[in-house]
Amino acid sequence: MKQSFLVLILFLISFQSINSHHTGSSDSPNATARFVDPFTGKREKPTNYLVMTQDYYQSTRENSHLFTTTAFAEMNFFDGRFALNASVPWNYYQQRGREDAARIGKTYLGFKFQPFFDLDKPYFFVIEGSVGFPSGPDTDRFTGGNYYTGSGFIKLGYLYEKWSFVTKIGGLNPLSRPQPNNLQDNDGVPYYVRKPSASPPEPEYEFKKTTLISAYVTYYLMPEISLFTGLLYRNPYNGVDYSKEKDKANPSYFTEASTGFSWNFSEKYNMSIAYRYPLQRDREYRLYQSAWTFAFSMEWGSD
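Residue numbers -22 to -1, 1 to 281, in mature numbering (1 follows the signal peptide of the UniProt record, and there is no 0), belong to the letters of the sequence shown in order.
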């Protein structure tokens, strides 16, 4: 029900935004190439757009199916060289042997910046960064970690005739330190200015910097329809919340392959569907069996 409500809101916003002003055309093929990331459904270059992304993860490590709906909005400035954006995810866990659950995920505020190159050239260089805010201590309503997270990426893209090539290098960096909870002196006084009457429980996780590298190739069947395939590398495997257990369930890295298509069914509207497949297949430690990403986006303003 909540997912349908979010989609309805996006549709109403889209409908109200339609007017007689159309996106400008250009002789450059780079002006119509959307460069849609197959792993997230988001645009690589600074753009005025809204996107609703629906991810479906089949058979996660907890033997549940995970549905993640993410609302993302971005607005560009300085003729497309800089943009500010924000995203909020909503997670629904379809669980086996337990009651289903829903949580709000970590909220991110970020930016994109194209420092040089002519924007009409068939290549681009983008610097991207964002800050994820603490989700709060109420784990019955929120998920994503009660700490600040920073992310940063360098993105390179090149368009050659009907082919485009994009690579992204960056990662996640914890910006907060773990704050142990003292179960006996839970009086609201910060732990670092109070002598506890008992040692806090040893945390099961430690914060780790996480490296993310991805690359994908897109083939444009026509200006409106494209096919893509890509690879994603993540190290460490468990991300920022890294388990201290050194066993088979916590390998050092994670890799994923993706394939799908993107369709610009108008000057302002785009839809993409991607199938994602983890390359680690051992049932004892795979993150999930497979995943699908569906993204619907709307642009506004002129190119």
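Note that CB positions come from ideal geometry on N, CA and C, so glycine has one too. Predicted model, so just to flag it, every value in this text is computed and none were measured.
Answer with buried or exposed for K90, where buried requires no fewer than 16 other C-beta atoms within 10 angstroms of its C-beta.
buried
Out of E77, V66 and G135, state which residue places its alpha-carbon closest to the alpha-carbon of Y99.
The sequence given here places Lys at residue 99; Tyr does not occur at that position. That would be G135, whose Cα lies nearest to the Cα of K99.
State the start and end residues of the unbroken beta strand (DSSP E) segment that holds W278.
DSSP places W278 in no beta strand (DSSP E); its state is neither H nor E.
Residues in its own chain within less than 8 Å of Q72 by CB, not counting five upstream and five downstream?
Cβ neighbours of Q72 beyond the five flanking positions: S42, H43, L44, F45 and D78.
Between which residues of its own chain and T25 is the CB-CB distance below 8 Å, once the five residues before and five after are set aside?
E52, N54, G58, A61 and E277
Would you report the Cα separation of P256 and Y211, rounded to the nearest angstrom?
10 Å
Short of 6 Å in beta carbon distance, which residues of its chain neighbour K133, apart from the five on each side in sequence? Order them along the chain.
Setting aside the 5 residues that flank it on each side, K133 is surrounded in the same chain by E22, V104 and K146, each with a C-beta closer than 6 Å to its C-beta; the list follows chain order.
Just confirm the distance between the C-beta atoms of L205 and F239, as a whole number of angstroms; I'd bet it's less than 8 Å.
5 Å
Which of helix, strand or coil DSSP assigns to K187:
Coil at K187, not helix or strand.
By alpha-carbon positions, which one of F95, N248, V218 and T207 ends up nearest to K187?
V218
P67 to T121, Cα distance in whole Å?
10 Å
According to the neighbour-count rule (16 or more other Cβ atoms, all chains shown, within 10 Å of its Cβ), is P152 buried or exposed?
buried
Can you say whether R155 is buried or exposed, counting buried as having 16 or more other CB atoms within 10 angstroms of its CB?
With fewer than 16 Cβ atoms within 10 Å of its Cβ, R155 is classed as exposed.
Name the DSSP beta bridge partners of R212, please?
Note: R212 sits in a beta bridge opposite L190 and F232.
Member of A80, R119 and R39 whose CA lies at the smallest distance from the CA of T47:
Nearest C-alpha to T47: A80.
G110, DSSP secondary structure in three states
strand
Who are V195's beta bridge partners in DSSP?
F143 and T207
Quick one: is P115 buried, meaning 16 or more other Cβ sit within 10 Å of its Cβ, or exposed?
exposed
State the CB to CB distance for the pair T18 and K84, rounded to an integer number of angstroms; the pair is presumed to be in contact (CB under 8 Å).
Going by Cβ atoms, the distance from T18 to K84 rounds to 14 Å, so no, they are not a contact pair.
Assuming Y86 contacts S65 under a Cβ cut-off of 8 Å, what Cβ separation, rounded to an integer in Å, is found between them?
5 Å
By the DSSP assignment, the beta strand (DSSP E) with N54 in it spans what residues?
H43 to F55
Where W25 sits in the DSSP three-state scheme
The amino acid at residue 25 is misidentified as Trp; the sequence shows Thr. Here T25 sits in coil by DSSP.
Less than 7 Å between the beta carbons of Y266 and S113, yes or no?
no
Under DSSP, the beta strand (DSSP E) around N69 begins and ends at which residues?
F60 to Q72
Exposure of P16, with buried meaning 16 or more beta-carbon neighbours within 10 Å
buried
Closer than 7 Å, CB to CB, is D57 near chain C or not?
In summary, chain C is missing from the structure at hand, where a single protein chain is found.
Can you tell me which of T31, W270 and E202 puts its alpha carbon nearest to the alpha carbon of F243?
For the residues T31, W270 and E202, the minimum Cα distance to F243 belongs to E202.
Considering only C-alpha positions, which residue in the set F95, E139, G148 and L97 is nearest to G107?
Here the closest residue by C-alpha is G148.
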